[in-house]
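Heads up: the sequence shown begins at 5 in our numbering, then just goes up one per residue. Taking it in order: structure first as structure tokens, then the write-up.
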Amino acid sequence: MTPAIGVKAILIHGNGGSTASDIWLPWLERELTDLGIDVINQTFPDNVKARARYWLPFIESLGADEHTILIGHSSGAVAAMRYAETHRLLGSVLVGVCHTDLGDGGEAASGYYSAPWQWQRIRDN
């Protein structure tokens, strides 16, 4: 298989204390690395509440750009969608994502749901 030169994937876990070593993230990191994709799989700051004010700048600090695929689970997928509203990406993979806080106070406090979603910008980026 030809290596995916220049392609980077950033894996984004969910909230509730999730880490980079949870669920299927280590497996996916190995699989993508074997395909020649540069993978960033780090535990995000504020991993209990996953607040946008911490996670979106953290994604930017990891160098997410037009050569990056964001792969997010749960709150990580929501963060990936919000990031894609304002940043061009190679793509996004969203697992277990929602577009409302579902009436959950913790989700509402995360800061992702108060603004209307910019669906066209997400698609375009």
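Note that CB positions come from ideal geometry on N, CA and C, so glycine has one too.
Cβ pair residue i, residue j closer than 7 Å
i      : j      : result
Ala13  : Val43  : yes
Ile16  : Ala112 : no
Val97  : His77  : no
Glu70  : Gln122 : no
Tyr117 : Ala56  : no
Ala54  : Ser114 : yes
Pick from the options that is closest to residue i, judged by C-alpha positions
i      : options                          : result
Val52  : Trp123, Val99, Gln122 and Gly110 : Gly110
Phe62  : Tyr116, Gln46, Pro120 and Thr37  : Gln46
His80  : Ser22, Val11 and Gly10           : Inspection of the sequence shows that residue 80 is occupied by Gly rather than by His. Nearest option by C-alpha distance: Ser22.
Arg125 : Asp26, Ser25 and Met85           : Met85
Ala119 : Asp105, Asn129 and Arg127        : Asp105
His91  : Leu32, Leu60, Leu29 and Gly10    : Leu60
Arg127 : Gly67, Tyr58, Glu35 and Tyr87    : Tyr87
Leu29  : Ile75, Tyr58, Asn129 and Cys102  : Ile75
Gly18  : Asp108, Asp50 and Glu64          : Asp50
Terminal residues of the beta strand (DSSP E) in which residue i lies
i     : result
Gly95 : Gly95 to Val99
Asp26 : First-last for Asp26: undefined, no H or E at that position.
Local Cβ density within 10 Å of residue i, reported as buried at 16 or more and exposed below that
i     : result
Thr72 : buried
Glu33 : buried
Gly40 : exposed
Nearest-angstrom beta carbon gap, residue j and residue i [assumed within contact, 8 Å]
i     : j     : result
Val11 : Leu66 : The Cβ separation is near 14 Å, so there is no contact.
Cutoff 7 Å: residue i Cβ touching any chain D Cβ
i     : result
Ser65 : Among the protein chains of the structure shown there is no chain D, as only one such chain exists.
Extent of the continuous alpha helix (DSSP H) to which residue i belongs
i      : result
Leu60  : Ala56 to Ser65
Asp128 : Trp123 to Asp128
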